[in-house]
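**Q** Sharing a structure below in structure tokens format, with a few things to ask.
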Amino acid sequence: AIPLVVAISTAVSAQNGLLIRNRTAFEESRKISALLFDKTGTLTKGDFGVTRIESVSETYSVDEILRLASALEQSSEHPIAVGIIKKVKADKVTIPKPEKFNSITGKGVEANVEGKEIKVVSPGYLRDEKIAIPDDAYSDAAETVVFVLIDGKLAGYIALSDEIRPESAEAIKTFKKNNIKVYMATGDNEKTAKAVSDKLGLDGYYAEVLPHQKVEIVKDLQDKGEFVAMTGDGVNDAPALAQANVGVAVGSGSDIAAETADIILVNSNPKDIANLILFGKATYNKMI
Ligand code: ADP
Ligand code: MG
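Rendered as structure tokens:
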């Protein structure tokens, strides 16, 4: 006979956009006391649109900054890259070819374009290199800003905006009702992270997180006695997904994240996790 949990988990997953890879994790989902969500594509839509491009250079115009940046971003799958390429295609700009493309983990991308060294990077990268961040870069806290360096000098920046998923607010209501704490870990900047966290009323957030730091965040929460579920999408999230009591890979993410995870969130929708936990609790109550 098929064990009850298998039958139930199959039914739940079919209806709720979940793929259960580990039966124990499904049974244990009712014990989750803290959730650590990634921001982009899970709590937010992950659909970035370019809102502003500014030049701080005497040599390079806004159009030139966008054109050079696009050469790198066409080789990246990051939602920021997708947003920049969307803008370039709408403007009918011809994208130049990059050479020696490299992605700088958690910080951005770099390549040579038309004999120049181009980088598109996070504010954290600028701080590490002791390059001053322009005053007006963060005039809107909701924007995500990436900086364009040309031959080692800051040439300008590109601001993008994403939207909070309507389902996130609903899911968070359910978690609060069930005394489950909700945290967010993001590689994005402090101001944007705070804006999202405040809007959703989260219990806390971690900003400018590098991939390897996620394991430590999960461990810290576990040390505080929490039974932790974490969502992740990247190759670099695999160790943290393994550390979490319930590792949840989002559907749009990498194969390696999916192979490490206990559960796959097919539509990257936080509400599906809320339903999973409620269903787990209800099922368990019926069985005892
Ligand atoms: P997250 O998934 O939370 O955005 P990442 O580690 O993927 O975290 O990225 C962290 C930061 O690095 C981004 O917020 C951005 O500033 C920068 N970054 C990463 N990839 C790119 C890219 N392709 N182009 C520009 N900036 C990038
Ligand atoms: Mg990422």
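Here our numbering runs 1 ahead of the position in the sequence shown, where the first position is 1.
Glycine is no exception: its CB is placed at the ideal position from the N, C-alpha and C atoms.
#1: Within 6 Å: the Cβ of I66 and any heavy atom of the ligand ADP?
#2: Examine the Cβ distances between the region 103–123 and the region 135–144 and report whether three or more of them are shorter than 8 Å.
#3: Alpha carbon to alpha carbon, what distance is there between S71 and I85?
#4: Report yes if the C-beta of I81 is less than 6 Å from at least one heavy atom of the ligand ADP; otherwise report no.
#5: Whose C-beta lies closer than 7 Å to the C-beta of F176 among residues of the same chain, with five residues either side of it excluded?
#6: Drop a sphere of 10 angstroms on the beta-carbon of I105, count the other beta-carbons inside from all chains shown, and report buried for 16 or more, exposed for fewer.
#7: Run through the region 201–282 for me and flag every whole alpha helix (DSSP H) of 4 or more residues, listed as ranges in chain order.
#8: Excluding the 5 residues preceding and the 5 following V114 in the sequence, name in chain order all residues of the same chain whose CB lies nearer than 6 Å to its CB.
#9: On the DSSP bridge assignment, give the partners of L36 in chain order.
#10: Short of 6 Å in beta carbon distance, which residues of its chain neighbour A298, apart from the five on each side in sequence? Order them along the chain.
#11: Starting from E111, follow its DSSP beta bridges and name the residues at the other end.
#12: What does DSSP give as the partner residue(s) for V51 in the beta ladder?
#13: Identify whether K93 lies in helix, strand or coil by the three-state DSSP scheme.
#14: Would the beta-carbon of G50 be found less than 6 Å away from any heavy atom of the ligand ADP?
#15: How about G226: is its C-beta nearer than 7 Å to some C-beta of chain D?
#16: Taking the alpha carbon of D64 as the point to measure from, which residue in D39, S76, I159 has its own alpha carbon closest?
**A** Walking through what the data contain:
#1: For this step, residue 66 is matched to residue 65 along the sequence shown. For I66, the distance from the CB to the nearest heavy atom of the ligand ADP is not below 6 Å.
#2: Contact between the region 103–123 and the region 135–144 is absent: fewer than three C-beta pairs spanning the two stretches fall below 8 Å.
#3: In the sequence shown, residue 85 corresponds to position 84, counting from 1. In the sequence shown, residue 71 corresponds to position 70, counting from 1. Looking at the backbone, the Cα of I85 and that of S71 are separated by about 7 Å.
#4: For the purposes of this step, residue 81 is identified with residue 80 of the sequence shown, where counting begins at 1. At least one heavy atom of the ligand ADP is nearer than 6 Å to the Cβ of I81, so yes.
#5: Reading the sequence shown from its first residue, position 175 is the one you call residue 176. L36, V183, A275, listed in sequence order.
#6: On the sequence shown, residue 105 is found 104 positions in, with the first residue counted as 1. Exposed, since its Cβ has fewer than 16 Cβ neighbours within 10 Å.
#7: Whole alpha helix (DSSP H) segments, 4+ residues: 214–224, 239–244, 256–261.
#8: Here residue 114 corresponds to residue number 113 of the sequence shown, with the count starting at 1. Contacts found: L69, A72, P97, P99.
#9: The residue you call residue 36 lines up with position 35 of the sequence shown. According to DSSP, L36 bridges with V183, A230.
#10: The structure shown does not extend to residue 298, since the chain is modelled only from 2 through 289, so no value can be given for it.
#11: Here the question's residue 111 lines up with position 110 in the sequence shown. Secondary-structure assignment with DSSP links E111 through a beta bridge to N103, K120.
#12: Working through the sequence shown from its first residue, we reach residue 51 at position 50. Partner(s): L161.
#13: In the sequence shown, residue 93 corresponds to position 92, counting from 1. Note: K93 maps to coil in three-state DSSP.
#14: Here residue 50 is taken as the residue at index 49 of the sequence shown, counted from 1. Result no, Cβ not under 6 Å from the ligand ADP.
#15: Considering every chain present, this structure includes no chain D. It has just one protein chain.
#16: Position 63 of the sequence shown, counting from 1, holds the residue named residue 64. The shortest C-alpha separation from D64 is found at I159.
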